[in-house]
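Visitor: First residue of the sequence shown: 32, per the working numbering; consecutive thereafter. Idealized CB from N, CA, C, for every residue including glycine. Next up is a structure, given as structure tokens.
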Amino acid sequence: MTAAPTKPSGLGRSTALMASGTAASRLLGLVRNSALVATIGMLGSAANAFGAANKLPSILYLLIAGGALNAVLVPEVVRAYRRADGQVYVDKLLTLGIVGLAGLTLVLTAAVPLLTSVYADFPDPEVQRLTVALAYWCVPQVFFYGLYALLGQVLNARGSFGPFMWAPVVNNVVAIAGLVVFVALWGSRVPPEGQAGDVSWWGPEQIAVLAGTATLGVAAQALVLVVPLYRSGFRYRPRWGLRGSGLGAAGRVTLWTFLGLVVGQVGVLVVSRVTTAAGTGETAGNVVYDNAFLIFMLPHSLVTVSLMTALFTRLSAKAAAGDVVAVRDDLSLGLRTVGLFTVLATTGIAVLAYPLVRMIFPGTTNGASDLATVVVTMVAGLVAFGAWSMCQRVYYAYQDARSMIPIQVAMMLVVVAGTLLGKAVLGRELWVAAAGVSMTVSYGLGAVVALVVIRRRLGGLDGRRVLVTHAKAVAAAVLAGGAGTLVVRLLGPVGSALDALVMCAVGGAVIAGLYVAVLVALRARELQTLAGPLLRRIRRTRA
């Protein structure tokens, strides 16, 4: 029997540690994407082909393994460590997961031509063939994404949150190094503005360096977690057999989680096909959509994910103990705190969308306006996305993925209908933006319906405090957004990356400063939830 899991640290300390790791990872992720755009462009055929191929393993992982592992493993491990034979349970779950991932990855790699034809719809068959060649190198990432989730969630269940959030830093460093090697060998392959580029140039060596180093980065991200696991006292022993392990209950939760993910992937499939069909070298395509989504996810990753990861373990333990009041209190805390940050992020990104895009991707102006437009359509749904994500954690804490299925079906129908309607009635240059709007509407629908259902289950949501906090945030955002818009107009048009940097720095400081000042004046106590650890550290430094 290994040592018992360490006691989870305080919420503020855990969240600060995770946020710092996530911040480093996401910032490096932006550097990585900026380097990628500088290497192969944003609107060209090769860029769209690699974007589709490198996104495919992420889609497959989330569909087949990711959501199920994240939804099942933490609650099951928390419950396991309450029993004397908990380590046996965890070993069996890990063995099943690792072997299953390995077999699954082999099957998916063999099916690459079929998978790319399903998820990508490039008008040019040569671009489709390049996508297949790149995907053979990328799809093995599925195994390492799964291994990363397995090892990381065991660490989380043992109260060690930091390594899981810091590991992606290694991934980005390896991927950036791969791009440096690519440019050193063959130079930048950005096509001239208005042109799609020549895909016939791409041979086995170029494909291997570009896609192979991307997969190597994901492998490093997973394997680096072995070190903190060992240091935590965890010792893994392969164990076989399901009887008597309690895995039957986990399997039932996994089944419903999987069905929910299948529903969601219908929307992903439609968006993927429409955005790949939209990209012609002159109009926004799947790379624009993916980069917009990266910017959209940045504030969510920095604050919402960190907070939810810490809260999820607590929610799971309290749900297992039948403490409904404590679950309701934690959900209220999550909704209020996440709301403050997502309202700020929505305001700042919407006001500074174009200079932000020019700052992140300084090497190109081709596609910047298209990207900024899609970013605004997506970020409008950031607050709802945060609330919907919190609601999901409550369902998972109760091992009730089944009740989310009707909500997920409704959200998927909104995405599919909106994206296809945009393709039918709008010009090709607006297809990607229509997909962004559809995504935003679906998050709003999901959040509202989920909150109504959870309110009945928990006997309330502490709704008054949640609404008051969001009302204060919106009031602060209106004032801060107005001031930020004035700054943008005063500083004038963005002529260079330096102009964009200055505008983002000044405008961001004005928006954030005024937003926080108004919330302090309105006595929004939730500011202290995540700011507390930073303030205490500053006081200790001064002392």
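Assuming the contact rule is C-beta atoms closer than 8 angstroms, Leu-87 and Tyr-167 should be a hit. Round their C-beta distance to whole Å, please.
Guide: Position 56 of the sequence shown, counting from 1, holds the residue named residue 87. Position 136 of the sequence shown, counting from 1, holds the residue named residue 167. With a Cβ gap of about 10 angstroms, Leu-87 and Tyr-167 do not count as contacting.
Visitor: Could you have a look at Ser-434 and say whether DSSP puts it in helix, strand or coil?
Guide: The residue you call residue 434 lines up with position 403 of the sequence shown. Residue state, collapsed to three classes: helix.
Visitor: Within 10 Å of its beta-carbon, does Pro-259 have 16 or more other beta-carbons around it, so buried, or fewer, so exposed?
Guide: Your numbering for residue 259 matches position 228 in the sequence shown. Result: buried.
Visitor: Anyone know if the C-beta pair for Ala-198 and Ala-253 falls short of 9 angstroms?
Guide: The residue labelled residue 198 in the question sits at position 167 within the sequence shown. The residue labelled residue 253 in the question sits at position 222 within the sequence shown. The answer is yes: Cβ separation under 9 angstroms.
Visitor: To the nearest angstrom, report how far apart Asn-64 and Val-505 are at their CA atoms.
Guide: Locating residue 64 in the sequence shown gives position 33, counting from the first residue. Locating residue 505 in the sequence shown gives position 474, counting from the first residue. Each residue's Cα considered, the two are about 32 angstroms apart.
Visitor: If you count every other CB in all the chains shown that lies within 10 Å of the CB of Gln-559, and 16 or more means buried, which is it?
Guide: Counted from its first residue, the sequence shown places residue 559 at position 528. Burial call: exposed.
Visitor: For Ala-529, does the count of other Cβ atoms within 10 angstroms reach 16, so buried, or fall short, so exposed?
Guide: The residue labelled residue 529 in the question sits at position 498 within the sequence shown. Residue identity differs from the one stated: residue 529 is Leu in this sequence, not Ala. Exposed, because fewer than 16 other Cβ atoms sit within 10 Å of the Cβ of Leu-529.
Visitor: Report the CB separation of Lys-503 from Leu-545 in whole angstroms; it is logged as a contact under 8 angstroms.
Guide: Position 472 of the sequence shown, counted from the start, is the residue given in the question as residue 503. Position 514 of the sequence shown, counted from the start, is the residue given in the question as residue 545. Not quite, the Cβ-Cβ distance comes to about 13 angstroms (not below 8 angstroms), so this is no contact.
Visitor: On a CA-only basis, which of Pro-235, Gln-296, Val-143 and Ile-238 is nearest Val-446? Give me that one, please.
Guide: Working through the sequence shown from its first residue, we reach residue 446 at position 415. Nearest option by C-alpha distance: Gln-296.
Visitor: In chain order, what residues of the same chain have a beta carbon less than 7 angstroms from the beta carbon of Gly-277, not counting five sequence neighbours either side?
Guide: As a position in the sequence shown, residue 277 is number 246, starting the count at 1. Legend: pLDDT at Gly-277 = 49, less than 50; position of this residue unreliable, no value from coordinates given.
Visitor: Can you tell which of Ser-148, Val-388, Gly-538 and Leu-91 has the C-alpha that lies nearest to the C-alpha of Leu-375?
Guide: Here residue 375 refers to the residue found at position 344 of the sequence shown. When only C-alpha atoms are compared, the closest one is Gly-538.
Visitor: Under 6 angstroms Cβ to Cβ from Ile-71, same chain only, skipping five residues before and after it: list those, please.
Guide: Mapped onto the sequence shown, residue 71 falls at position 40. Only Ala-77, Ala-78 and Arg-220 meet the Cβ criterion.
Visitor: Buried or exposed: which applies to Asp-122, given that a residue is buried once 16 or more other Cβ atoms fall within 10 Å of its Cβ?
Guide: For the purposes of this step, residue 122 is taken as the residue at position 91 of the sequence shown. Buried: at least 16 other Cβ atoms inside 10 Å.
Visitor: Taking the CB atoms as reference points, tell me whether Val-173 and Leu-145 lie closer together than 9 angstroms.
Guide: Residue mapping note: residue 173 aligns to position 142 of the sequence shown, counting from 1. Residue mapping note: residue 145 aligns to position 114 of the sequence shown, counting from 1. Contact flag unset, no.
Visitor: Find out if the Cβ-Cβ distance for the pair Thr-311, Asp-152 is shorter than 9 angstroms.
Guide: Within the sequence shown, the letter at position 280 stands for residue 311. Within the sequence shown, the letter at position 121 stands for residue 152. Not in contact: Thr-311 and Asp-152 (Cβ atoms no closer than 9 angstroms).
Visitor: On a CA-only basis, which of Val-143, Trp-233 and Phe-192 is nearest Ser-263? Give me that one, please.
Guide: As a position in the sequence shown, residue 263 is number 232, starting the count at 1. Residue Phe-192 is the option with its Cα nearest to Ser-263.
Visitor: Taking the alpha-carbon positions, what's the Gln-118 to Leu-124 distance?
Guide: Taking the first residue of the sequence shown as position 1, residue 118 is located at position 87. Taking the first residue of the sequence shown as position 1, residue 124 is located at position 93. Those two C-alpha atoms are separated by around 10 angstroms.
Visitor: Put Met-73 into one of helix, strand or coil per three-state DSSP.
Guide: Here residue 73 corresponds to residue number 42 of the sequence shown, with the count starting at 1. If DSSP states are grouped into helix, strand and coil, Met-73 belongs with coil.
Visitor: Quick check: what's the CA-CA separation for Val-414 versus Trp-217?
Guide: The residue labelled residue 414 in the question sits at position 383 within the sequence shown. The residue labelled residue 217 in the question sits at position 186 within the sequence shown. Cα-Cα distance, rounded: 43 angstroms.
Visitor: For Gly-60 versus Leu-325, is the C-beta distance shorter than 9 angstroms?
Guide: Here residue 60 corresponds to residue number 29 of the sequence shown, with the count starting at 1. Here residue 325 corresponds to residue number 294 of the sequence shown, with the count starting at 1. Going by C-beta atoms, Gly-60 is nearer than 9 angstroms to Leu-325.
Visitor: From Ser-473 to Asp-431, what does the alpha carbon distance come to, in whole angstroms?
Guide: Counted from its first residue, the sequence shown places residue 473 at position 442. Counted from its first residue, the sequence shown places residue 431 at position 400. Each residue's Cα considered, the two are about 21 angstroms apart.
Visitor: Since Thr-395 and Val-369 should fall inside the 8 angstroms C-beta cutoff, what is the C-beta to C-beta distance between them, to a whole number of angstroms?
Guide: Within the sequence shown, residue 395 is the residue found at index 364, counting from 1. Within the sequence shown, residue 369 is the residue found at index 338, counting from 1. Not confirmed; about 33 angstroms, so no contact.
Visitor: Does the stretch 352-368 come into contact with the stretch 396-414, if we say contact requires no fewer than three beta-carbon pairs (one atom in each stretch) closer than 8 angstroms?
Guide: Contact between the stretch 352-368 and the stretch 396-414 is absent, because fewer than three Cβ pairs lie under 8 angstroms.
Visitor: Given a cut-off of 9 angstroms on the beta-carbon distance, is the pair Ala-80 and Thr-140 in contact?
Guide: In the sequence shown, the residue the question calls residue 80 occupies position 49. In the sequence shown, the residue the question calls residue 140 occupies position 109. No, they are not a contact pair.
Visitor: Who are the near neighbours of Ile-438 in its chain, counting only those whose CB is closer than 6 angstroms to its CB and skipping five residues on each side?
Guide: Sequence index remark: in the sequence shown, residue 438 carries index 407 (1-based). Cβ within range, chain order: Gly-477, Val-480 and Ala-481.
Visitor: Determine, using beta carbons only, whether Ala-543 and Gly-379 come nearer to each other than 9 angstroms.
Guide: Counting from one through the sequence shown, the residue named residue 543 turns up at place 512. Counting from one through the sequence shown, the residue named residue 379 turns up at place 348. In contact: Ala-543 and Gly-379 (Cβ atoms closer than 9 angstroms).
Visitor: Is the distance from the Cβ of Ala-381 to the Cβ of Gly-523 below 9 angstroms?
Guide: Taking the sequence shown and counting its residues from 1, one reaches residue 381 at position 350. Taking the sequence shown and counting its residues from 1, one reaches residue 523 at position 492. Not a contact, by the Cβ cut-off of 9 angstroms.
Visitor: How many Å lie between Val-170 and Ala-84 at the Cα?
Guide: Start at 1 with the first residue of the sequence shown, and residue 170 comes out as number 139. Start at 1 with the first residue of the sequence shown, and residue 84 comes out as number 53. So the two alpha carbons sit approximately 8 angstroms from each other.
Visitor: Leu-510 by DSSP, collapsed to three states: which one?
Guide: Counting from one through the sequence shown, the residue named residue 510 turns up at place 479. DSSP places Leu-510 in helix when its eight states are reduced to three.
Visitor: For a test of the three-state rule: what should DSSP assign to Pro-524, helix, strand or coil?
Guide: As a working note, residue 524 is residue 493 in the sequence shown. Looking at Pro-524 - three-state DSSP - the assignment turns out to be coil, as it is neither helix nor strand.
Visitor: Check whether the stretch 314-328 and the stretch 406-424 touch, using three or more Cβ-Cβ pairs below 8 angstroms as the test.
Guide: The stretch 314-328, when compared against the stretch 406-424, does touch it at the 8 angstroms Cβ threshold.
Visitor: Starting from the N-terminal side, write out each stretch of the beta strand (DSSP E) that is 3 residues or longer and does not extend beyond the stretch 436-467.
Guide: DSSP runs (the beta strand (DSSP E)) wholly in the stretch 436-467: none.
Visitor: May I have a chain-ordered list of the alpha helix (DSSP H) segments no shorter than 4 residues that lie completely inside the stretch 339-422?
Guide: Those alpha helix (DSSP H) runs which fall completely within the stretch 339-422 and span 4+ residues are 355-382, 384-391 and 399-410.
Visitor: Output needed for Leu-247: all residues of its chain with C-beta closer than 6 angstroms, excluding positions within five of it in sequence on either side, in chain order.
Guide: Along the sequence shown, read from residue 1 onward, the residue named residue 247 stands at position 216. Counting only Cβ-Cβ distances below 6 angstroms, and skipping sequence neighbours, we find Val-205.
Visitor: For the alpha helix (DSSP H) containing Phe-324, list its first residue and its last residue.
Guide: Taking the sequence shown and counting its residues from 1, one reaches residue 324 at position 293. Looking at the DSSP string, the run of the alpha helix (DSSP H) that includes Phe-324 is 317-330.
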